[in-house]
Amino acid sequence: MTIAPSSPPDLQDPAATGGATSSRASVRAALRSPAMITSAPLLLVITLFFLVPIVGMAIVAFTVEGPDGTDGFGLDHFTGLSSRSRAIVNSLLVSFVGSTIAAVVGALAAFCIAQLRHRWLDSVVAVFSSVLANDGGAPLAFAFIVTLGNTGFVFEALGLGAIGFSLYSWQGLVVMYQYFLIPTMIMVTLPTFVGLRREWSEANTALGGGRLTYWLRVGLPIARPALLSGWVLLFGAAFATYASAAVLIGSGAFPLIPLTIASELRSGASSAGEGAAMALGLTMVFVAIIVLLVFNRLQRRAARWIR
Amino acid sequence: MTNPPNEVVLDHVSKSFGTTTVLRELDLHLRAGELVAVLGPSGCGKTTALRILAGFERPTSGRVLVDGRDITDLPANKRDIGMVFQAYSLFPHLSVAANVEYGLRIRGTGAAERSRRGQELLEMCGLGALSSRYPHELSGGQQQRVALARALAVQPKVLLLDEPLSALDAIVRRQIRDEIRRLQQQLGITTMFVTHDQEEAMSIADRVAVVNHGSIEQIAAPREIYHRPRTQFVASFVGTISEIGVSPSCGSGRLEVHHPGPGRDTLYVRPEDLRLQPEATGTHVVVAHTFIGERTLVRASGDEDRPDIVSSVSTAEAGSVLVGTRVTPYLAAEPALRIASTSSTPDVMAV
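So the sequences go chain by chain: A and B. Residue 139 in our numbering sits at position 139 of the first sequence, and the numbers go up by one each step. For any residue, its number in our numbering is found by taking its place in the second sequence, counting from 1, and adding 1000.
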């Protein structure tokens, strides 16, 4: 019996070379697949307008100037955010209060609309909600200034000054945010309330349960993922709102993260200001990603139950 | 776990939605412990009758009685009636065990007793190993078994089944149908089974109530419904039948078949009661064979004045009446129904 001399598998072993060739071939095939070709424009947009800016922001945010004047990696811009903690706390406060109120009001509105079981009404609400949910920015702020500002006609008609209400405060921001947050909540939760099956309600009744039992043990638990995902989405939307808040309260009186970023970038070309802005920006991106992950997970569960 | 059998009566029950009358003075009596299948075409009112019995609809007039007690005005959640729906009625956020125990939980049954009875029901339905699964992890047949176990867990006085098999495929449908029947007989629970599938109704029920336009045309044992239908509708709705016109003097034997019309008696003849004799001068020509196992249905077509007829022959003999063979029909037994030419309403002569 003759034993063949051993040799490097990548040169002699046909299985190994074949494996490498086949993996390269499968990558090439995947790149040429219809799915890859049709998703190429989307991937290009994501790369250019999402990944590249984030990488750029990260580079600036983690770049610090050393004692010798050279640039290096560091967390100074992030640790420096403690001096801007007011903006972070304010953003969290306005987003939490605004999204919670809108979640409750929007969910109740969606519930009431769903009870009417009117397809025409559902369609009208869906259209209006989607328009209003995307209505914001400077025009919205001006609309609120002329109605609820210090000389606004609704402000004067209701005598809101007497109770100490001011549109140019965090409470004012919360009120203004309701304009687009409530329709967003209706839009997100209406399909769930409409999708609650009559069979579930009747099964509960046949088994001896009343209306309250149904809502406590069946209706609300089934709707809970959609309600939570709606609330999370509202929180994210309120957290990221910039234009309307900028028009309403500017940058000084009540700092928010988006306003602080703008202020830092406007304040000159100082690398410290830019670095802090990018660190805040990255924080917002992180919050947005968490919000979207939680939203998607909850929406998937809601869709599985309601389909 | 047994249920005391209860009689159920729908007494002159009518129901209208706006100007549309769905049920007209419907009378239905379910004897204690029996399974009655309510059979009829879509929109005939059978589901409305079931929903009135369940308490989900109020009758416009008439009464609902269970064991002699008038429950017409009793809310649905106080009626002690178990119900299995067409599909998708399991609570999606609860496990199989929690679904089955749901009724017991809201009745305040203790956890240990709840768990014991839930497991007992799941074992009876062959689902003991699936108690921790969720509805979306089950097949359609398993979901309907769980729905059945859930309905039975509260030991209802009456069980209502609203087309519970219609969303299932044929094989599973047969299995679940047999299981429903087994459990119903084991528990002796009075059961109303609504369906539009005649095979399902005939194979599962003690009696079948055939509903048309909101009233019962006939209620009888499946065999009687098939062989002795009381009305034209029942004759033609249940099973395959040939509707033929004959002279009033026509008896058994060779048939001179015509379309039904004035001056003619109308016979409703089951395929097994009609024999096709191959003859060169026959009035019909065999046009199709339908193989149904031991028997074969043979369809023969007549000329313009003669309607199509269907006969059933043993598959072994089907070769004697191949497609294209000219045949003459013979009446081998009494027709299921004969409507005399003079009667304006069905004159039941064959019953």
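Note that the Cβ used here is the ideal one computed from N, Cα and C, for glycine as well.
Report all residues from its chain with a CB closer than 8 Å to the CB of residue i; omit the five preceding and five following residues, and keep chain order.
i	result
threonine 21 of chain A	none
leucine 1159 of chain B	Ile1081, Gly1082, Met1083, Val1084, Ala1151, Leu1152, Gln1184, Ile1189, Thr1190, Thr1191, Met1192
glycine 136 of chain A	Tyr179, Phe180, Thr241, Ala243, Ser244
threonine 1315 of chain B	Phe1291, Gly1293, Glu1294, Arg1295, Thr1296
Output yes if chain A places a C-beta closer than 7 Å to the C-beta of residue i; else output no.
i	result
serine 1089 of chain B	yes
leucine 1010 of chain B	no
methionine 1124 of chain B	no
histidine 1136 of chain B	yes
glycine 1385 of chain B	No answer is possible for residue 1385 of chain B: the residues shown for chain B start at 1001 and end at 1351.
threonine 1048 of chain B	no
proline 1248 of chain B	no
asparagine 1212 of chain B	no
arginine 1338 of chain B	no
proline 1092 of chain B	yes
isoleucine 1106 of chain B	yes
methionine 1083 of chain B	yes
alanine 1111 of chain B	no
alanine 1076 of chain B	yes
glutamate 1101 of chain B	no
For the beta strand (DSSP E) containing residue i, name the first residue and the last one.
i	result
valine 1237 of chain B	In the sequence under discussion, the amino acid at residue 1237 of chain B is phenylalanine, which differs from the valine named in the question. Taken as a continuous stretch (DSSP letters only), phenylalanine 1237 of chain B belongs to no beta strand (DSSP E), being part of the alpha helix (DSSP H) at 1232 to 1237.
glycine 1062 of chain B	1061 to 1066
serine 1301 of chain B	1295 to 1301
valine 1008 of chain B	1008 to 1017
leucine 1026 of chain B	1020 to 1030
valine 1286 of chain B	1284 to 1292
Contact criterion: CB-CB distance below 7 Å. Does residue i meet it with respect to chain B?
i	result
valine 146 of chain A	no
alanine 4 of chain A	Because alanine 4 of chain A sits at a pLDDT of 42, beneath the cut-off of 50, its placement in the model cannot be relied upon, and the following sentence gives the value as read from the coordinates. No, because no Cβ of chain B sits closer than 7 Å to the Cβ of alanine 4 of chain A.
threonine 189 of chain A	no
alanine 206 of chain A	yes
tryptophan 305 of chain A	yes
valine 194 of chain A	no
valine 312 of chain A	The question about residue 312 of chain A has no answer, for chain A in this structure spans 1 to 307.
glycine 136 of chain A	no
alanine 203 of chain A	yes
glycine 210 of chain A	yes
proline 67 of chain A	no
threonine 213 of chain A	yes
glutamate 199 of chain A	yes
proline 183 of chain A	no
isoleucine 289 of chain A	no
proline 34 of chain A	no
Strictly by DSSP, which residues pair up with residue i?
i	result
asparagine 1082 of chain B	Inspection of the sequence shows that residue 1082 of chain B is occupied by glycine rather than by asparagine. Note: glycine 1082 of chain B sits in a beta bridge opposite B:Leu1159.
proline 1329 of chain B	B:Leu1276
aspartate 68 of chain A	Looking at the DSSP assignment, aspartate 68 of chain A forms no beta bridge with any residue, so it has no partner.
tyrosine 1268 of chain B	B:Glu1243, B:Leu1337
serine 1312 of chain B	B:Leu1297
aspartate 1070 of chain B	B:Leu1065
glycine 1253 of chain B	B:Leu1331
threonine 63 of chain A	A:Phe73
histidine 1258 of chain B	B:Gly1245
For the alpha helix (DSSP H) holding residue i, just list the boundary residues, first then last.
i	result
arginine 86 of chain A	85 to 116
valine 1038 of chain B	Taken as a continuous stretch (DSSP letters only), valine 1038 of chain B belongs to no alpha helix (DSSP H), being part of the beta strand (DSSP E) at 1035 to 1039.
glutamate 1123 of chain B	1111 to 1124
proline 41 of chain A	34 to 46
asparagine 204 of chain A	198 to 206
alanine 1318 of chain B	Careful: alanine 1318 of chain B lies outside any alpha helix (DSSP H) and carries neither H nor E.
valine 1154 of chain B	From DSSP, valine 1154 of chain B is part of no alpha helix (DSSP H); its letter is neither H nor E.
phenylalanine 153 of chain A	153 to 157
proline 1005 of chain B	Looking at the DSSP string, proline 1005 of chain B is not in any alpha helix (DSSP H), and its letter there is neither H nor E.
alanine 1087 of chain B	It is not in any alpha helix (DSSP H) - alanine 1087 of chain B carries neither H nor E in the DSSP assignment.
serine 130 of chain A	119 to 133
Residues in the same chain with beta-carbon distance under 6 Å from residue i, minus the five sequence neighbours each way, listed in chain order, please.
i	result
proline 1248 of chain B	Asp1265, Ser1341
valine 247 of chain A	Ala138, Ala141
isoleucine 101 of chain A	none
serine 1215 of chain B	Arg1024, Leu1026
valine 1009 of chain B	His1029, Leu1065
Considering only residues of the same chain and omitting the five flanking positions on each side of residue i, which have a CB-CB separation below 7 Å?
i	result
valine 1234 of chain B	Val1210, Glu1217, Gln1218, Ile1225
threonine 213 of chain A	Asn204
glycine 1282 of chain B	Arg1326, Val1327, Thr1328
isoleucine 1309 of chain B	Ser1242, Ile1244, Val1257, Leu1274, His1284, Ala1300, Pro1329
serine 91 of chain A	Phe239, Leu256, Ile257
Those runs of the alpha helix (DSSP H) which lie wholly inside the region 1179 to 1241 of chain B and span at least 4 residues: 1198 to 1204, 1222 to 1227, 1232 to 1237
Entirely within the region 214 to 262 of chain A and at least 3 residues each: give me those beta strand (DSSP E) ranges in chain order. none
Please give me, in chain order, every unbroken run of the beta strand (DSSP E) with length at least 3 that falls completely inside the region 137 to 198 of chain A. none
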